[in-house]
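Visitor: I have a structure I would like to understand better, so I am pasting it below and will then ask my questions one at a time.
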Amino acid sequence: MADIVAIVGRPNVGKSTLFNRLVEKKQAIMDDKSGVTRDRHYGYSEWNGKHFTVIDTGGYVKDSDDIFEKEICVQVEVAIREASVIFFMVDAREGITDQDKEFANVIRKANKPVYVVVNKADSSTLIHASGEFYSLGFDLVFPVSSVSGSGTGEILDDLTAHYIAEDSGESAGDLPGIAIIGKPNVGKSSLLNALLGEERSIVTEIAGTTRDSINTRYNLFGKDFMLVDTAGVRKRAKVKEDIEFYSVMRSIKALQDSDVVLVMVDATQGFESQDMNLITLAHRYKKGIVTLVNKWDLVQKDTKTADTLKKEINEKLGPLDFIPILFISVLQKQRIFQAVEKAMEVYENLHRRIPTSELNDVMLGVIKDYPPPAIKGKYIKIKYITQLPTRTPTIAFFCNLPQYINTSYQRYLENKLRENFSLAGAPVKLIFRTK
Ligand code: GDP
Ligand code: GDP
Numbered sequence: 004m005a006d007i008v009a010i011v012g013r014p015n016v017g018k019s020t021l022f023n024r025l026v027e028k029k030q031a032i033m034d035d036k037s038g039v040t041r042d043r044h045y046g047y048s049e050w051n052g053k054h055f056t057v058i059d060t061g062g063y064v065k066d067s068d069d070i071f072e073k074e075i076c077v078q079v080e081v082a083i084r085e086a087s088v089i090f091f092m093v094d095a096r097e098g099i100t101d102q103d104k105e106f107a108n109v110i111r112k113a114n115k116p117v118y119v120v121v122n123k124a125d126s127s128t129l130i131h132a133s134g135e136f137y138s139l140g141f142d143l144v145f146p147v148s149s150v151s152g153s154g155t156g157e158i159l160d161d162l163t164a165h166y167i168a169e170d171s172g173e174s175a176g177d178l179p180g181i182a183i184i185g186k187p188n189v190g191k192s193s194l195l196n197a198l199l200g201e202e203r204s205i206v207t208e209i210a211g212t213t214r215d216s217i218n219t220r221y222n223l224f225g226k227d228f229m230l231v232d233t234a235g236v237r238k239r240a241k242v243k244e245d246i247e248f249y250s251v252m253r254s255i256k257a258l259q260d261s262d263v264v265l266v267m268v269d270a271t272q273g274f275e276s277q278d279m280n281l282i283t284l285a286h287r288y289k290k291g292i293v294t295l296v297n298k299w300d301l302v303q304k305d306t307k308t309a310d311t312l313k314k315e316i317n318e319k320l321g322p323l324d325f326i327p328i329l330f331i332s333v334l335q336k337q338r339i340f341q342a343v344e345k346a347m348e349v350y351e352n353l354h355r356r357i358p359t360s361e362l363n364d365v366m367l368g369v370i371k372d373y374p375p376p377a378i379k380g381k382y383i384k385i386k387y388i389t390q391l392p393t394r395t396p397t398i399a400f401f402c403n404l405p406q407y408i409n410t411s412y413q414r415y416l417e418n419k420l421r422e423n424f425s426l427a428g429a430p431v432k433l434i435f436r437t438k
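Read in order, the letters of the sequence shown correspond to residues 4 to 438 in our numbering.
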């Protein structure tokens, strides 16, 4: 389990500025040359060894200049229902506005921790004046300057000390947790229903202990697992799920609570930045990943189409090109059980333990064939390799000059590990150490 922090507040107070400061810049593994435009409104954040997802609710509101529109109201309600912590942002220079009061009235209903983030407190005068915001009725009032970053450390210290749980990284239950995530309309609920409709499946509904998720225990061909947070997918008729924001929140929560995510992509739309964003987030949370390109029945294809598309997706994914990609049609029940089998395979890879002797036999050979390039006349020698006892695969390379191993050599080693040991869909971390 992990947490979501939602930044809410009226337009122009500085939500996206703070968002950009809080989320990792480098997490967009995809860079500009991949040609996928970025429209990221949520991202991974780490502070004091704890992690959480930050979501900028403003990113989902269009044309909302000066009135407290219904649309904003819905966003805020969804945010306070789905997030674990609210950052309610106001503007120190403008003081409390009527719109702030309207936000406060909605936010007050949330039985959740609320931080009043008094932004643009760029001077000591403004910092001192920020006390007036206590009158909004919340106890946690923090002046910050999102532009300079001052004050943000204090708020994150408080947040991580009190409201962000230690995260084991595992799903709630003992069984592998699998989540179906993706943009609205890619076919998530169709896939779920197709799986649940399968006669051989034994279905037990277990109400989630945390949150409002309902996990479904699933058994198919001897594979026993949990479908995580299916409630959000199944209840779609009842909630205003058309709003992308809601769908994104549900996907993030399901992702956090699972071990392996099935990221569904719509074949008719191609691989888009939102798909990329979800995969990036899943990777940061060290989840196993399978990409399902759905609605394959709608694509005009010849024998090369799948390979071409696979190549295109992998180019966009860059270093994340180790994720299995399946072309499926839920409508025609094409390969949907393979999707589940693949997810189980990835789950095994996620927990793979490679014996030290095998690791050294194979990888020392690989290194001998193509040693790390010498730097400044110094030779780098990797002497010994071992897997560390972490939850997901971490491989330690012991060498004389660890600081000189460059990224492209690391990539080479990772690729060779993946070629030689079954690790598809699983994150692999390489570390370099002296003895
Ligand atoms: P949003 O609409 O709430 O997402 O607001 P933005 O993040 O787009 O910021 C609105 C404007 O406020 C931009 O011009 C920012 O540069 C500016 N801004 C954001 N944070 C600060 C701050 O801490 N101090 C000052 N002086 N300006 C800020
Ligand atoms: P969700 O929003 O991701 O849960 O998507 P839904 O499961 O509600 O599906 C959205 C639409 O896509 C529905 O009209 C489905 O019938 C349709 N759909 C789902 N899977 C397929 C498929 O494999 N092929 C085609 N042609 N349509 C599909």
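Glycine included, every Cβ here is placed at the ideal spot set by N, Cα and C.
All values derive from a computational prediction rather than experimental measurement.
(1) Quick one: residues in its chain with C-beta nearer than 7 Å to the C-beta of glycine 154, no 5 flanking neighbours on either side, listed in chain order?
(2) Would you tell me roughly how many angstroms separate the C-alpha atoms of leucine 433 and serine 126, rounded to the nearest one?
(3) Indicate whether alanine 346 and serine 261 have their beta-carbon atoms separated by less than 7 Å.
(4) Can you tell me which of the three DSSP states leucine 52 falls into?
(5) State the start and end residues of the unbroken beta strand (DSSP E) segment that holds glycine 180.
(6) Tell me where the alpha helix (DSSP H) around leucine 199 begins and ends.
(7) Return the CA-CA distance between leucine 162 and tyrosine 118, expressed in angstroms with no decimal places.
(8) Considering only the beta carbon of each residue, do arginine 355 and proline 327 sit closer than 7 Å?
(9) Could you give the DSSP three-state label for phenylalanine 400: helix, strand or coil?
(10) Would the C-beta of serine 148 count as close to ligand 1, meaning under 6 Å from any of its heavy atoms?
(11) Going by C-alpha distance, which of Lys371, Val150, Asn297 and Leu391 is nearest glutamine 341?
(12) On the three-state DSSP scale, how would you describe aspartate 260?
(13) Would you mind sorting arginine 287 into buried or exposed? The rule is 16 or more other CB atoms within 10 Å of its CB.
(14) Excluding five sequence neighbours on each side, which residues of the same chain lie with their C-beta closer than 7 Å to the C-beta of lysine 384?
(15) Going by CA-CA distance only, name the one from Met267, Glu85 and Asn23 that's closest to isoleucine 331.
(16) Measuring straight from C-alpha to C-alpha, what distance separates glycine 273 and phenylalanine 248?
(17) Around the C-beta of histidine 54, are 16 or more other C-beta atoms found within 10 angstroms, so that it is buried, or is it exposed?
(18) Can you name the residues that DSSP bridges to lysine 379?
(19) Check whether the Cβ atoms of alanine 113 and isoleucine 83 lie closer than 7 Å to each other.
(20) What does the alpha-carbon distance come out to for the pair isoleucine 408 and isoleucine 370?
(21) Valine 231 by DSSP, collapsed to three states: which one?
(22) Under three-state DSSP, which class holds lysine 226?
(23) Which runs of the beta strand (DSSP E), 3 residues or longer, sit entirely within the region 275-359?
(24) Which of the three DSSP states is assigned to valine 120 in this structure?
(25) Could you tell me which residues DSSP puts in a beta bridge with aspartate 6?
(26) Measure the alpha-carbon distance for valine 251 versus aspartate 372 and round it to whole angstroms.
(27) Out of Pro430, Ile167, Ser193 and Pro405, which one is the CA nearest neighbour of isoleucine 89?
(28) Please classify glycine 156: does DSSP put it in a helix, a strand, or coil?
(29) Rounded to whole angstroms, what's the CA-CA distance from glutamine 303 to alanine 309? Just pull it up for me.
(30) Since glutamine 335 and aspartate 300 should fall inside the 8 Å C-beta cutoff, what is the C-beta to C-beta distance between them, to a whole number of angstroms?
(31) Measuring from the CB of glycine 190, is there a heavy atom of ligand 2 at a distance below 6 Å?
(32) Ignore the nearest five residues each way along the sequence and tell me which others in phenylalanine 141's own chain have a CB closer than 6 Å to its CB.
Guide: From the atom records:
(1) Ala124, Phe145, Pro146, Val147 and Ser148
(2) As the crow flies, the alpha-carbon of leucine 433 is around 44 Å from that of serine 126.
(3) At the C-beta level, alanine 346 and serine 261 stay beyond 7 Å of one another.
(4) For the record, residue 52 in the displayed sequence is glycine; it is not leucine. Correct three-state label for glycine 52: coil.
(5) 180-185
(6) 191-200
(7) 9 Å
(8) no
(9) strand
(10) yes
(11) Asn297
(12) Reduced to three states, the DSSP call for aspartate 260 is coil.
(13) Sixteen is the threshold: when 16 or more other Cβ atoms of the shown chains lie within 10 Å of the Cβ of arginine 287, as they do, the residue is buried.
(14) Cys402 and Asn403
(15) Met267
(16) One C-alpha to the other measures close to 21 Å.
(17) Buried, by the Cβ-count rule.
(18) BP columns for lysine 379 are empty, so no partner.
(19) yes
(20) 12 Å
(21) coil
(22) DSSP, reduced to helix, strand and coil, places lysine 226 within a strand of the structure shown.
(23) 291-297 and 328-330
(24) Three-state DSSP puts valine 120 in a strand.
(25) Phe55
(26) 46 Å
(27) Ile167
(28) helix
(29) 11 Å
(30) 5 Å
(31) yes
(32) Val117 and Val119
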